[in-house]
Amino acid sequence: GFGVLDGAVDGSFGRGTEAAVTLLADRMREALPGCEPMVSGTVNAAYWRNMLAYMDWLF
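For the sequence shown, the working numbering begins at 1306 and goes up steadily by one.
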C-alpha cells in the first residue's frame, strides 16, 4: 500500500499537525483543569478524524 507515502506524510505533515494539536491540548488543559481526559480524548478523536478526511481528499 502506501507505506512509504504514509511515512513521509506522518514525518512532515503529521509531526507539524501533532505539535499544533499538542499545543492546543496543553492550552485547553490549562484553561479547563479537571477536564484533561475528556479534552485529550476529544482532541485525539478530532485530530484523527481530520487526518483521515484529509487523506481521503488527498487520494
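C-beta atoms are modelled at their ideal positions from N, C-alpha and C, and glycine is treated no differently.
Using only the alpha-carbon positions, how far apart do residue i and residue j sit?
| i | j | result |
| --- | --- | --- |
| Asp1361 | Leu1329 | 24 Å |
| Trp1353 | Glu1335 | 23 Å |
| Ala1351 | Asp1331 | 15 Å |
Assign residue i to one of two classes, buried (16 or more other C-beta atoms within 10 Å of its C-beta) or exposed (fewer than that).
| i | result |
| --- | --- |
| Ala1325 | exposed |
Tell me which same chain residues have a C-beta within less than 6 Å of the C-beta of residue i, skipping the five on either side of it?
| i | result |
| --- | --- |
| Ala1358 | none |
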